[in-house]
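Contents: one structure, followed by commentary.
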Amino acid sequence: MSGRRAHGEVVVLVHPRRQLDDAVRSAEHAGVGLVIVSRAEEVDLWRAGEPGPIAGVEVWSNGPEDAGFADFLVAVIERYSAQGILGVHEASLLAVNEAAARCGLIGLDSAVIARLRDKGATRVALAENGLPVPGFVSGPVDERLLRAARELRLPVVVKPSRGFSSAGVQRVDRYEQLADASQRAVAAMLDVGVHTRDVVIEEYVGGPEYAVESISFGGHIRVLTVGYKGNSERS
């Protein structure tokens, strides 16, 4: 555990990337202390010099969905008397939400997290609200799912239902490739401690891709950033 410094309000950030310098500067400007629950591979980067607003750096060595993570986060909140906790890594959201609830802090609704973490459920919700979605099937990898996927228009994209950061995402151009691609998607999640056998197989949509980051609270949505991720139609 790192030595604690004097700060006003303290917020726990769970599994942020070290390159989030703007977030660190914003916290410093607002006089908010940050407790970083670091990804294992970035511990040294966070601890190197520890910028002004960093109140401490803590490490959880197991997977983001492993038993005991919520207990660990509760202990961190109590140790630093934190007034808030924010999960920056999708796979950590369930543990973050449980810790927030146990400490009486603001958190996401568990039903929202369940739908957010299931890409199939997310697509159903989008379609139910009139938004366009490509043809897709989702569920555990078995013969039923693979048969249903053969009704989709090629090419398709195979991705873990509870994936993140494009891990395990693959383009498939032939139906014969579906089974192997689906197993690779499952294996990619097991490698990072996410235990699921569910995948989403959806029709490929080409063209420019944008990522929109936003935050919602009290029925209000605030767009934070709009980023260009590239154009799949260009070589």
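Be aware that the sequence shown starts at 68, since it is given in the working numbering, and climbs by one per residue. Cβ atoms here follow ideal geometry from the backbone N, Cα and C, with glycine treated the same way. Note that the coordinates shown come from a computational prediction; the quantities given were computed from them, not determined experimentally.
Nearest to residue i (by Cα), restricted to the options the options
i, options, result
"Ser200", "Ala188, Ser105, Val208", "Here residue 200 turns out to be Val, not Ser, going by the sequence shown. Taking only the C-alpha atoms, the option nearest Val200 is Ala188."
"Pro275", "Val259, Tyr295, Glu269, Ile268", "Tyr295"
"Leu219", "His156, Gly202, Val261, Val272", "Gly202"
"Glu300", "Leu172, Gly130, Gly273", "Gly273"
"Asp258", "Val266, Ala234, Asp265", "Ala234"
"Ala178", "Leu172, Leu160, Gly171, Glu76", "Leu160"
"Pro120", "Asp209, His96, Leu291", "His96"
"Phe284", "Glu195, Leu175, Ile144, Tyr271", "Leu175"
"Val223", "Arg211, Ala248, Ser232", "Ala248"
"Ala149", "Val91, Ala90, Gly171", "Gly171"
"Ala142", "Arg169, Pro131, Ser128", "Arg169"
"Pro83", "Val91, Gly75, Val155, Glu145", "Val155"
"Phe250", "Glu210, Arg190, Glu76, Phe231", "Residue identity differs from the one stated: residue 250 is Gln in this sequence, not Phe. When only C-alpha atoms are compared, the closest one is Glu210."
Range of the contiguous beta strand (DSSP E) that encloses residue i
i, result
"Asp138", "Run containing Asp138: none in the beta strand (DSSP E); it sits in the alpha helix (DSSP H), 136-147."
"Ser105", "100-105"
"His287", "287-298"
"Leu80", "77-81"
Cβ neighbours of residue i in the same chain (closer than 6 Å, five flanking residues each side left out)
i, result
"Leu112", "Arg85"
"Pro207", "Arg264, Asp265"
"Arg114", "Val124"
"Glu109", "Arg85"
"Thr292", "Glu280"
"Arg71", "The predicted model places Arg71 with a pLDDT of 45, which falls under 50 and marks its position as unreliable; any figure quoted below should be read in that light. Here the set comprises Ala122, Gly123."
Residues near residue i by beta carbon distance below 8 Å, same chain, minus five either side
i, result
"Thr263", "Pro227, Ser228, Arg229, Val253, Met256"
"Val242", "Looking at the sequence shown, residue 242 is not Val but Tyr. Here the set comprises Ala216, Arg217, Leu221."
"Leu153", "Val78, Val79, Leu80, Val81, Val163"
"Val126", "Val104, Ser105, Ala107, Val110"
"His287", "none"
Contact set for residue i: own chain, Cβ-Cβ below 7 Å, skip 5 residues either direction
i, result
"Leu198", "none"
"Arg289", "Ser281, Ile282"
"Asp133", "Gly260"
Span of the alpha helix (DSSP H), counted from its first residue to its last, around residue i
i, result
"Ala211", "One detail in the question is off: residue 211 reads as Arg in this sequence, not Ala. Where Arg211 is concerned, the enclosing alpha helix (DSSP H) stretches over 210-216."
"Ser205", "Counting along the chain, Ser205 falls outside any alpha helix (DSSP H), though it belongs to the beta strand (DSSP E) covering 203-207."
"Gln250", "245-258"
"Leu160", "160-169"
"Ile173", "Segment: none, Ile173 is in no alpha helix (DSSP H) and carries neither H nor E."
"Val91", "88-97"
Cross-strand partners of residue i (DSSP beta bridge)
i, result
"Tyr277", "Tyr295"
"Lys226", "Val267"
"Gln237", "Val225"
"Val261", "In the DSSP output, where bridge partners are listed per residue, Val261 has none listed."
"Leu112", "Bridge partners of Leu112: none, in fact."
"Glu125", "Val104"
"Ile152", "Val79"
"Ile282", "Arg289"
Contact belief for residue i with residue j at Cβ below 8 Å, rounded distance in angstroms
i, j, result
"Ala162", "Phe136", "4 Å"
"Ala239", "Leu245", "Checking the sequence shown, residue 239 turns out to be Val, not Ala. Their Cβ separation, rounded to whole angstroms, is 6 Å, which keeps Val239 and Leu245 in contact under 8 Å."
"Arg184", "Glu157", "6 Å"
"Leu212", "Val204", "6 Å"
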